[in-house]
Amino acid sequence: MIRRLTEKDHEACMKLLMPKAAENLFILGDIEAYGYDQAFQKVWGDFDDHGNLRAVLLKYYQNYIPYAPGDDFDHEGLAKVMVSDPEFQNLNGLEDVVSFLIPWIASKPSQIRKLYYAKCRALKESQVNWPVKKAGVEDVGRIMELYRHFSFSNNPESIKRNMEKGVARTYYIEVDGQMVSSASSTAENTLSAMVVGVCTVKEHQKKGMASACLVRLCQDLLQEGKELCLFYDNPDAGRIYERLGFVPIGRWMMVSFQ
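Mapping the sequence shown onto the UniProt record's numbering, position 79 (from 1) lands on 79, and the numbers just tick up by one.
In structure tokens:
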């Protein structure tokens, strides 16, 4: 049986999601921030015949994210929730879950993208050989200057707002007063955080700078009891992350029906 979830279902919802805090980063973060009943956000649950919650579907604006720990849930029913929504455009989530829903959506996807997904609960490597600093809101302009070397889509207002809300942070290395390497978090909640913006300008690459920023960032977050996760599409980058302690947990699938 599928129905809308409310605050009364919060305990059951957390029981389903929390064992996979990194995998459910976005669902957990959005529920923590906005709850179960907003104009732009809603949550559905699929219950078995005994009333046990076995799957969750989150709507955030035009985006939907499903989660289920196994394959025994109502694939068709959750798909119907999405296709009945005129705002529905994007289906995102773990490939193992999303792949069950796609066959029940009549519209043909306009784009499908898959990324590697990894998580970290403890660092294997903790040595930092560079002076790493933590950025403040006064450094947003410098962060944007660094990001101009890469195809990052952040805007300064968003970075500043997320820093002020405590859901994002950045560590960086500077040379001659210029920010040349960084690692950041985003979508932080009490249980998990997403690692993003790991980069070094070309002339300073292969010196261990990005790894140093990443180690400091991860140390900070892990000490707060947060499980870390990140996306990557470059296997070479994946090997660096694995060396530091990240473990592959599958593929993240982004399906657009625009």
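Positions of the beta carbon are idealized from the N, C-alpha and C atoms, including for glycine.
- The straight-line gap separating the alpha-carbon atoms of residue 63 and residue 202 is approximately 35 Å.
- Taking the Cα positions, residue 74 is about 37 Å away from residue 154.
- One alpha carbon belongs to residue 130, the other to residue 193, and they sit about 24 Å apart.
- Just measuring C-alpha positions, the residue of 167, 196 and 116 sitting nearest residue 152 is 196.
- The alpha helix (DSSP H) runs lying completely inside the stretch 134–186 and spanning 4 residues or more are 140–147 and 156–165, given in chain order.
- When the beta-carbon positions are compared, residue 257 and residue 89 come within less than 9 Å of each other.
- As computed with DSSP, residue 2 is found in a beta bridge with 46.
- Boundaries of the beta strand (DSSP E) harbouring residue 118: 111–120, taken from the DSSP string.
- According to the DSSP assignment, residue 211 belongs to the alpha helix (DSSP H) that extends over 209–223.
- For residue 29, no beta strand (DSSP E) segment is defined; the enclosing uninterrupted segment is the alpha helix (DSSP H) at 25–34.
- Bridge partners of residue 128 according to DSSP: none are assigned.
- Shown here, residue 105 sits in coil according to DSSP, grouped into three states, outside any helix or strand.
- Contact between the stretch 3–17 and the stretch 25–38 is present, with at least three C-beta pairs closer than 8 Å.
- Residue 200 has 181 as its beta-bridge partners, per DSSP.
- In this structure residue 58 is not in contact with residue 45, their Cβ atoms being roughly 10 Å apart against a cut-off of 8 Å.
- Within the same chain, Cβ atoms closer than 8 Å to the Cβ of residue 150 are found at 199, the five residues on either side in sequence being excluded.
- In the structure shown, the three-state DSSP call for residue 100 is helix.
- In the three-state DSSP reduction, residue 226 falls in the coil class, being neither helix nor strand.
- Of the residues 228, 69, 141 and 115, the one whose Cα lies closest to the Cα of residue 235 is 115.
- Taking residue 29 as reference, the option from 237, 190 and 255 with the minimal CA-CA separation is 190.
- By the Cβ test, the stretch 128–143 is in contact with the stretch 173–185, since at least three Cβ pairs between them sit closer than 8 Å.
- Counting only the Cα atoms, residue 127 lies some 43 Å from residue 40.
- Shortest Cα-Cα distance from residue 173 to any of 163, 167 and 205 involves 205.
- Between residue 241 and residue 118 a beta carbon distance of about 6 Å is seen, short of the 8 Å cut, so the two are scored as contacting.
- A residue is called buried once 16 or more other Cβ atoms fall within 10 Å of its Cβ, and residue 210 is buried on that count.
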